[in-house]
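**Q** What follows is a structure written as structure tokens; I'll ask about it next.
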Amino acid sequence: MRTIRNRTRILSALVAVAAIMLMGVFSSALAHADGNPTVPVQVSKVDADGAALKGAQLRISHKDANGATVTDDEWTSDGTVHTTNLTAGDYTLTETTAPEGYDKAADQPFTVKAPEDTTPTDYTFQAGGALTSSALVSKDASKTVTPVYCFNLRKSSPTGGLDYTRIEGSADAFSQLAERARPGTDLYQDVLRVLYNGYPNNNAGIQQQYNLTDREFADATQYAIWYYTDSRPVVPHPYSAAVQALVDSTADIPSGQTLDIYKASNDRYQNLLATQFHQATPPVSLTMVNQKTQTPTPTPSQPTTPTTPTTPTTPTTPEQNTPVKPLEKTPQKSTKATTTQPQTKSLSNTGSNVTILAIVAVIALVAGGALVLVRRRMN
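Rendered as structure tokens:
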């Protein structure tokens, strides 16, 4: 038995810790724990050209009374505008990690001012016999909200005396409070459209089209809300056609209109939706810009300055060498004048010389033969 008790205590402690952590997430993300009204803050992450950037890790924080940093919201940019709801105060938008290829942006301080809406924020639930008669009454008794719809199908229905806090509707608030939102849909806009066309607004005339009483039309509206907030299918029943008509309705709400969502003080109970549309508080819009990381350009080595080619020497005009005059020889006195033969012999002179030599050779040969003949006779 003791072992069972110990295990039970451990399990209870783990559940309590998990509940505390979950409540911490909601109170941080929705900033409504103190009952103060919130203002939507929209953050865009873009590059220098205004194109949306993905992959930046961002954080919104503020300083508490002791000067410690308190994180209000953290997320990774996905290319869409991120929305969170914050109470009045001073905050800092910080980029903890920049997208790849970009420099980290500088911190961006900003201030959220309290909305001018004087509508009370604290309410108590008063149960009625049906959706059409149940109501939320402000604690100062100045305002009654009816009818109200259940936002979460699988949580316990609210009981009389349960406290609620009003939060202005936004895409972020809806997504935070929905447990099993239908995938592939725009939860916030689709639920607003259902309520704009459902009971009691009936802007698309569906109630008359299907001849429904107020209570029947309210039930059909509740089922259409759960279709989006909790992925509940449209099941056959006497007025399921009206439910499908609300799901498929195309009469959109006027631009800039919203409605309030009321969060239960006890998370086991369903959150509630109002049906009275009003002008949405203008959001605080922030844009954080990233600059691309500049890759250092290697400094090129200074090229050696080419030496200025020497100006080619202007070729000197060949000197007109004055022909050197041959040394004049002192004329030798001679008794016989000699005729200087020209150095260059003409071909005709050469031919003459050869002929003379040939004649001389023949004469010498004849003379030699004659001399031999004379000697023989003498002997």
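Residues -33 to -1, 1 to 346 in mature numbering (1 follows the signal peptide of the UniProt record, and there is no 0) are what the sequence shown lists, from first letter to last.
Heads up, the beta-carbon is just placed ideally off N, CA and C, and yes, glycines get one too.
1) Is the segment 139 to 154 close to the segment 185 to 198, with three or more CB pairs under 8 Å?
2) Please return the same chain residues whose Cβ sits closer than 8 Å to the Cβ of residue 132, not counting the five positions on each side in sequence.
3) Are any of the Cβ atoms in chain E nearer than 8 Å to that of residue 37?
4) Within a Cβ cutoff of 7 Å, which residues of the same chain sit near residue 246, ignoring the five residues on either side of it in sequence?
5) Please report the distance separating the alpha-carbon of residue 117 from that of residue 124.
6) Once you ignore the five residues that flank residue 74 on each side, which residues in its own chain have a CB closer than 6 Å to its CB?
7) Check residue 113 in the structure and name its three-state DSSP category.
8) Relative to the C-alpha of residue 221, which candidate in 190, 164, 191 and 192 has its C-alpha closest?
9) May I have the straight-line CA-CA distance separating residue -17 from residue 235, to the nearest angstrom?
10) Going by C-alpha distance, which of 193, 137 and 215 is nearest residue 173?
11) Residue 177 and residue 218: beta carbons closer than 8 Å?
12) Which residues in the same chain as residue 179 place their Cβ atom closer than 7 Å to its Cβ, once the five residues preceding and following it in sequence are excluded?
13) My parser needs the beta strand (DSSP E) runs of 3 or more residues fully inside the segment 85 to 163; what are they?
14) Is the segment 254 to 262 close to the segment 9 to 29, with three or more CB pairs under 8 Å?
15) Quick check: the Cα distance between residue 18 and residue 28, rounded to an integer number of angstroms?
16) Assuming residue 38 and residue 26 make a contact with CB atoms under 8 Å, what is their CB distance in whole Å?
17) Which one or two residues does DSSP pair with residue 7 in a beta bridge?
18) Kindly give me the distance between the Cβ atoms of residue 248 and residue 135, rounded to whole angstroms, as I take these residues to be in contact under 8 Å.
19) Is DSSP giving residue 242 helix, strand or coil here?
20) Buried or exposed: where does residue 157 fall if 16 or more other Cβ atoms within 10 Å of its Cβ makes it buried?
21) Once the 5 residues before and after residue 48 are set aside, which same chain residues still bring their CB inside 8 Å of it?
22) Taking the beta carbon of residue 112 as the centre, do at least 16 other beta carbons fall within 10 Å, making it buried, or is it exposed?
23) Who are the Cβ neighbours of residue 181 in its own chain at under 7 Å, not counting the five residues just before and after it?
24) Going by beta-carbon coordinates alone, are residue 159 and residue 142 separated by less than 8 Å?
25) Quick one, are the C-beta atoms of residue 162 and residue 226 less than 8 Å apart?
26) Please report the Cβ distance between residue 237 and residue 106, rounded to the nearest whole angstrom; I am assuming they are in contact, meaning their Cβ atoms lie under 8 Å.
27) In three-state terms, what does DSSP make of residue 20?
28) Where do the N-terminal and C-terminal ends of the beta strand (DSSP E) with residue 207 fall, by residue?
29) According to DSSP, is residue 72 helix, strand or coil?
30) Around the Cβ of residue 85, are there at least 16 other Cβ atoms within 10 angstroms (buried) or fewer (exposed)?
**A** Result, derived from the coordinates:
1) yes
2) To locate residue 132, count along the sequence shown from 1; it is residue 165. Correct list, in chain order: -2, 2, 88, 89, 90, 229, 230 and 232.
3) The displayed structure is made up of one protein chain only, and chain E is not part of it.
4) Start at 1 with the first residue of the sequence shown, and residue 246 comes out as number 279. So the qualifying residues of the chain are 223 and 224.
5) Position 150 of the sequence shown, counted from the first residue, corresponds to residue 117. Position 157 of the sequence shown, counted from the first residue, corresponds to residue 124. Looking at the two C-alpha atoms, the distance is approximately 8 Å.
6) To locate residue 74, count along the sequence shown from 1; it is residue 107. So the qualifying residues of the chain are 59 and 61.
7) Sequence index remark: in the sequence shown, residue 113 carries index 146 (1-based). Coil.
8) Residue 221 sits at position 254 when you count from the first residue of the sequence shown. Here the closest residue by C-alpha is 164.
9) Counting from one through the sequence shown, the residue named residue -17 turns up at place 17. Counting from one through the sequence shown, the residue named residue 235 turns up at place 268. Confidence in residue -17 is poor, its pLDDT being 39 and thus under 50, which makes the residue's placement unreliable; the coordinate value appears in the next sentence. One C-alpha to the other measures close to 15 Å.
10) Numbered from 1 along the sequence shown, position 206 holds the residue referred to as residue 173. Ranking the options by Cα distance to residue 173, first place goes to 215.
11) As a position in the sequence shown, residue 177 is number 210, starting the count at 1. As a position in the sequence shown, residue 218 is number 251, starting the count at 1. No, these two residues do not count as a Cβ contact at 8 Å.
12) In the sequence shown, the residue the question calls residue 179 occupies position 212. So the qualifying residues of the chain are 187, 206 and 209.
13) 89 to 93, 102 to 105 and 130 to 135
14) yes
15) Looking up residue 18 in the sequence shown gives position 51. Looking up residue 28 in the sequence shown gives position 61. Approximately 25 Å between the Cα atoms of the pair.
16) The residue given as residue 38 occupies position 71 in the sequence shown. The residue given as residue 26 occupies position 59 in the sequence shown. Correct: roughly 6 Å between the Cβ atoms.
17) Translated into positions along the sequence shown, residue 7 becomes position 40. DSSP lists 52 as partners of residue 7.
18) As a first step, residue 248 must be located in the sequence shown, where it is residue number 281. As a first step, residue 135 must be located in the sequence shown, where it is residue number 168. Indeed they touch by this definition, with Cβ atoms about 6 Å apart.
19) As a working note, residue 242 is residue 275 in the sequence shown. Residue 242: coil per DSSP, three-state reduction.
20) To locate residue 157, count along the sequence shown from 1; it is residue 190. So residue 157 ends up on the buried side.
21) Here residue 48 corresponds to residue number 81 of the sequence shown, with the count starting at 1. Excluding positions up to five away in sequence, the list reads 9, 10 and 11.
22) By one-based count along the sequence shown, residue 112 stands at place 145. Residue 112 comes out buried.
23) If you number the sequence shown from 1, residue 181 lands on position 214. Cβ within range, chain order: 99 and 166.
24) Taking the first residue of the sequence shown as 1, we reach residue 159 at position 192. Taking the first residue of the sequence shown as 1, we reach residue 142 at position 175. No, the pair does not count as a contact, with Cβ atoms beyond the cut-off.
25) Position 195 of the sequence shown, counted from the first residue, corresponds to residue 162. Position 259 of the sequence shown, counted from the first residue, corresponds to residue 226. For residue 162 and residue 226, yes; Cβs fall inside 8 Å.
26) Position 270 of the sequence shown, counted from the start, is the residue given in the question as residue 237. Position 139 of the sequence shown, counted from the start, is the residue given in the question as residue 106. Not really, about 20 Å apart at Cβ, beyond 8 Å.
27) On the sequence shown, position 53 is the one that residue 20 refers to. Reduced to three states, the DSSP call for residue 20 is coil.
28) Position 240 of the sequence shown, counted from the start, is the residue given in the question as residue 207. Per DSSP, residue 207 belongs to no beta strand (DSSP E); it is in the alpha helix (DSSP H), 207 to 214.
29) As a first step, residue 72 must be located in the sequence shown, where it is residue number 105. Note: residue 72 maps to coil in three-state DSSP.
30) Stepping through the sequence shown from its first residue, residue 85 is reached at position 118. Residue 85 is exposed by the Cβ-count criterion.
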